[in-house]
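A.B. asks: Protein chains in written order, with our numbering: chain A, 134 to 638; chain B, 134 to 638. Glycine residues also receive a C-beta, built at the ideal position from the N, C-alpha and C atoms. Since this is a predicted model, take the numbers as computed values, not measurements.
2 protein chains.
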Amino acid sequence: MAWFRSLIQVSATARSATKPRILDPFSYTLLSRFSSEPAPIHETPAPSPAPQPPTQYSGLGPTKPGEKPRVVVLGTGWAGCRLMKGLDTDIYDVVCVSPRNHMVFTPLLASTCVGTLEFRSVAEPIGRIQPAISREPGSYFFLSNCVGLDPDKHLVQCETVTDGAEPLKPWKFEISYDKLVIALGAKPTTFGIQGVEEHAIFLREVYHAQEIRRKLLLNLMLSDVPGVSEEEKSRLLHCVVVGGGPTGVEFSGELSDFIQRDVRQRYSHVKNYIHVTLIEANEILSSFDDRLRHYATKQLTKSGVRLVRGIVKDVKAQKIILNDGTEVPYGLLVWSTGVGPSPLVNSLPLPKAPGGRVGVDEWLRVPSVQDVYSIGDCSGFVESTGKPTLPALAQVAERQGKYLANLLNTIGKAGGGRANGAKEYKFEDPFVYKHLGSMATLGRYKALVDLRQSKDGKGLALAGFTSWFIWRSAYLTRVLSWRNRFYVAINWATTFVFGRDITRI
Amino acid sequence: MAWFRSLIQVSATARSATKPRILDPFSYTLLSRFSSEPAPIHETPAPSPAPQPPTQYSGLGPTKPGEKPRVVVLGTGWAGCRLMKGLDTDIYDVVCVSPRNHMVFTPLLASTCVGTLEFRSVAEPIGRIQPAISREPGSYFFLSNCVGLDPDKHLVQCETVTDGAEPLKPWKFEISYDKLVIALGAKPTTFGIQGVEEHAIFLREVYHAQEIRRKLLLNLMLSDVPGVSEEEKSRLLHCVVVGGGPTGVEFSGELSDFIQRDVRQRYSHVKNYIHVTLIEANEILSSFDDRLRHYATKQLTKSGVRLVRGIVKDVKAQKIILNDGTEVPYGLLVWSTGVGPSPLVNSLPLPKAPGGRVGVDEWLRVPSVQDVYSIGDCSGFVESTGKPTLPALAQVAERQGKYLANLLNTIGKAGGGRANGAKEYKFEDPFVYKHLGSMATLGRYKALVDLRQSKDGKGLALAGFTSWFIWRSAYLTRVLSWRNRFYVAINWATTFVFGRDITRI
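(1) Run down chain B in chain order and give the residues with a C-beta less than 8 Å from the C-beta of Leu627 of chain A.
(2) Of all the options B:Asp447, B:Arg618, B:Asp395, B:Ile544, which has the alpha carbon lying nearest to the alpha carbon of Glu331 of chain B?
(3) By Cβ distance, which residues of its chain are closer than 6 Å to Val505 of chain B, with the 5 residues on each side in sequence left out?
(4) Run down chain C in chain order and give the residues with a C-beta less than 7 Å from the C-beta of His341 of chain A.
(5) At what residue ranges does the segment 330-389 of chain A contain a whole run of the alpha helix (DSSP H), taking only runs of 4 or more?
(6) Looking at the structure shown, is Thr410 of chain A part of a helix, part of a strand, or coil, going by DSSP?
(7) Per DSSP, what are the beta-bridge partners of Asp226 of chain A in this structure?
(8) Hey, quick one: how far does the alpha helix (DSSP H) through Val478 of chain A stretch, first residue to last?
(9) Using a Cβ cut-off of 8 Å, which residues of the segment 226-248 of chain A contact any Cβ in chain B, in chain order?
(10) Identify the contact partners of Glu251 of chain A in chain B, using a Cβ-Cβ distance below 8 Å as the criterion.
(11) Are three or more beta carbon pairs between the segment 403-414 of chain B and the segment 368-378 of chain B nearer than 8 Å?
(12) When you compare only the Cα positions, how much space is there between Gly210 of chain B and Leu317 of chain B?
(13) For Trp304 of chain A, would you say it is in contact with chain B, using Cβ-to-Cβ distances shorter than 8 Å as the test?
(14) Would Leu433 of chain B and Gly386 of chain B be called neighbours here (beta carbons separated by less than 8 Å)?
(15) So Trp604 of chain B and Ala580 of chain B are supposed to be a Cβ contact under 8 Å. How far apart are they, rounded?
(16) Alpha helix (DSSP H) containing Arg439 of chain A: first to last residue?
(17) Please list, in chain order, the chain A residues whose beta carbon lies closer than 8 Å to that of Asp634 of chain B.
(18) Can a CB atom of chain B be found closer than 8 Å to the CB of Val358 of chain A?
(19) Is the Cβ-Cβ distance between Arg253 of chain A and Asp634 of chain B less than 8 Å?
(20) Along the chain, where does the alpha helix (DSSP H) that runs through Phe306 of chain B open and close?
(21) Given that Met354 of chain A touches chain B, what residues does it touch there, using C-beta distances under 8 Å?
(22) Rounded to a whole number of angstroms, what is the C-alpha to C-alpha distance between Asp395 of chain A and Phe514 of chain A?
(23) Is the segment 470-483 of chain A in contact with the segment 447-460 of chain A, if contact means three or more CB pairs nearer than 8 Å?
(24) Going by alpha carbons, who is nearest to Ala573 of chain A out of A:Val565, A:Asp583, A:Lys567, A:Tyr566?
(25) Check whether the segment 510-527 of chain A and the segment 219-234 of chain A touch, using three or more Cβ-Cβ pairs below 8 Å as the test.
(26) So, does the segment 455-466 of chain B touch the segment 523-542 of chain B, judging by three or more C-beta pairs under 8 Å?
(27) For Asn234 of chain B, collect the residues of the same chain with a Cβ closer than 7 Å to its Cβ; drop the 5 residues on either side in sequence, then sort them by chain order.
(28) Can you give me the start and stop residues for the alpha helix (DSSP H) that Cys214 of chain A sits inside?
(29) Taking buried to mean at least 16 other C-beta atoms within 10 Å of its own C-beta, is Val630 of chain B buried or exposed?
(30) Name the residue from A:Ser267, A:Arg577, A:Pro359, A:Leu613 whose alpha carbon lies nearest to the alpha carbon of Gly597 of chain A.
(31) Any beta-carbon of chain A closer than 8 Å to the one on Asp285 of chain B?
(32) According to DSSP, is Val621 of chain B helix, strand or coil?
(33) Using the beta-carbon of each residue, which ones in chain A are nearer than 7 Å to Ser401 of chain B?
(34) Using a cut-off of 8 Å between C-beta atoms, extract the partners of Asp447 of chain B located in chain A.
(35) When you compare only the Cα positions, how much space is there between His402 of chain B and Leu355 of chain B?
(36) Please confirm if Phe631 of chain B has its CB atom under 8 Å from at least one CB of chain A.
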């Protein structure tokens, strides 16, 4: 019996050894295959003999003449992913550093909180966006955070992400770059309000959506248990959304749709206790056409969302307090009041744009250093360009990623791909942003489509079922891979036929 | 503007109040609807005016003459869910108590760890299995653990599950039953080996599969980071499975399939470091036909799984130690060595069967008490019946659930549904278990189908592609709801076309 033979072999190996017997996963079956195969290519200075990762920095050294120049991309958001997709991997090796191995299709994230879409349908792994990363010997994805940058030495410092799942501590390493693209995104703003980080949930990552879903379902079930007072039941099932931008409005719309369609049927004991309140200091959807805003206000109110104009002063574990002293008890608090620069972006030794973003010129280069570019929510034009800061939109990030991929490819083809190799390169067409319009869904087969190029510009502004149809079609064709396009369509179809899934896993 | 009117209304309400202004979710828009609708039916002794859940026990009191008798089901595994599905809700109200609101389709759970199937495709919410639970005024699902039982008073004590997600502490409540069904399942056995609970992952619940998947993907990515020694890389990517029953074998097969098909393409830098070892003290798949066992051994070895016969003595954070002193370093450790009674089952004041299970007679009644039944992995025949303990299989649990549903329906129709109402009922056809055979998949389009009724019986025993086809078809038709049948088929199809999803979310 082959299995028994293996066992005997293992035992024999173990017995013949004089040192503590260790079952080495390579010891027997694969030994021959190993010696006949080339050693895996790693550009570490020298393979370390220590059993634990070395405490000294190791990493990827500068690229050598025979190798492709290396583009290091920090971040896996819209900007970084669009860039990686567009990079010519015949010219460059691509190394991506990010704490997540996927891109999130943010416009559809709100739909995953209530089960309209599945989490995996809106997440795209990097390897599917840029296959070279999992195949080319010199291209890598590192599940790590960038923790430092030395633009003079063309070096980034990184630290692995271990999530506490591993008994190992995180370790540090360095990567030399020929070109560096900073696409670190932004972090949600809290305006320094106490308790937001602790008690509210943001809606930027898949794990946020998972947390919202788990909490919503937990509250629905807890409120049904005997011994809960009427007041407590109302608190548990009061969902409060702070921030009336597209994310806040879309989440409120999805939630009210979930309540009207699914909660009434599946949690019929508590269906009259659940409510949604959307709190906004100014106007909801302020970037949209006036008529569309009125339409949205009407639709949301009609579907049971209460719109409150107020400023949050303080956030406690079970209630928020507004500026006028009003107390709002809540069971679920979702915070989406816009974004600002992250502490890492603040700490980088680079010129800044207004608002604390990484400053860039018309070609998205960071001035005063060589070979560093920045795109997406973390970057902004330096004042000397005379250009305004672009809004923190997926649309902007994606356009910048595409532009920069083309620029880097052109530079590479012209022989300027190496570190300090583009000093003589003549930069021509600068990045120009043209707004294509905005969309937002309100749930219940209603959406807004605003195709004007600016707030006061002219153009098509639609609301209602047609918009909803345009909204769905537009996103379905834009979801990056065929796999996810297929799953989004299937999710929508099954939600329509069977309702939303309420399993709490 | 409707929205602004709402705001004014809210502000007015707030101003007119003299006590601290509280934004009551019911205060205005829904007040009229509330007063015109009947109050939700709750059989609590009296609605508590306290804002926090009362510290005193409250709960569902004994059913009154005009109401349906109440069946309380503890657990949402195969046994409990099959029972609830079969109960006639025109006769009974159903109250289910469980820490999870869904049933797990366990035979397909191993496939979710590597992304062949999605987690939600193998989880079925209770409301879909027995819709009355979410609709009928007297039927409930409580997300709680049973913590005590008083068979004389026909009462169970429960405590809510809050997962630490809620600032509220768990609270206790009581439920009176007319009929009680104990279907609490079993817990994985560790044989008292140190470190198993701490370092190994079981494979019984969806969150186990999620943890395995997250850890596997984390290790794959960590091992690719610069600075990791060769030895550490081999350790991180050594997946060890302890226990050669169907779960362990199926998981090993899926894992080797994942390695051969997906890791080679998507983690090409580390593909030669990943290995699977299956450790079993006796024979793998001991309940299967000899020929099938040999076939399985051959197939697993061929697909790269190393089979080791050994007994685990100790489990450390990064290695396990076998009885003969061999040390096996691992990055992922999955433990599936069978199940035993849970601490709660041990503590219940009821007669026991051999092995510590809740003792039942031929009609699955717990002897010496009235109206208490037990089914599934937690129950066994008392010695006086002369019947052997049935294996802890989904098949047994499901058959018992179905039998008991029919029995309780018959008793209910005969007017014996109330507490102590079946004393005069003449119990006839006892529960008889007939084994329908076993199946296990080995990955790579190979499976085993053993249709013999006992280990020494005669009958069909098949291995290979045909078996795999039977295996898939059998499970596809058995997945409970149409929604999940559809999703399992879609998942299988997309895995075939696009490969497995490797997003770590």
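C.D. replies: Here's the rundown:
(1) The displayed chain sequence assigns Thr, not Leu, to residue 627 of chain A. The answer, in chain order, is Arg616, Phe619, Tyr620.
(2) B:Asp447
(3) Pro284, Leu313, Val499
(4) This model lacks chain C altogether; the protein chains it does include are A and B.
(5) 339-355, 363-369
(6) strand
(7) A:Arg203
(8) 476-480
(9) Arg233, Asn234, His235
(10) Glu251, Arg253
(11) yes
(12) 8 Å
(13) yes
(14) yes
(15) 4 Å
(16) It is not in any alpha helix (DSSP H) - Arg439 of chain A instead sits in the beta strand (DSSP E) that spans 438-442.
(17) Arg253, Pro258, Arg616
(18) yes
(19) yes
(20) Taken as a continuous stretch (DSSP letters only), Phe306 of chain B belongs to no alpha helix (DSSP H), being part of the beta strand (DSSP E) at 305-309.
(21) Asn234, Phe274, Phe275, Leu276
(22) 46 Å
(23) no
(24) A:Asp583
(25) no
(26) no
(27) Pro258, Ile259, Phe274, Leu276
(28) 211-219
(29) exposed
(30) A:Arg577
(31) no
(32) helix
(33) Ser267, Arg268
(34) None at all; the shortest Cβ gap to chain A is about 14 Å.
(35) 12 Å
(36) yes
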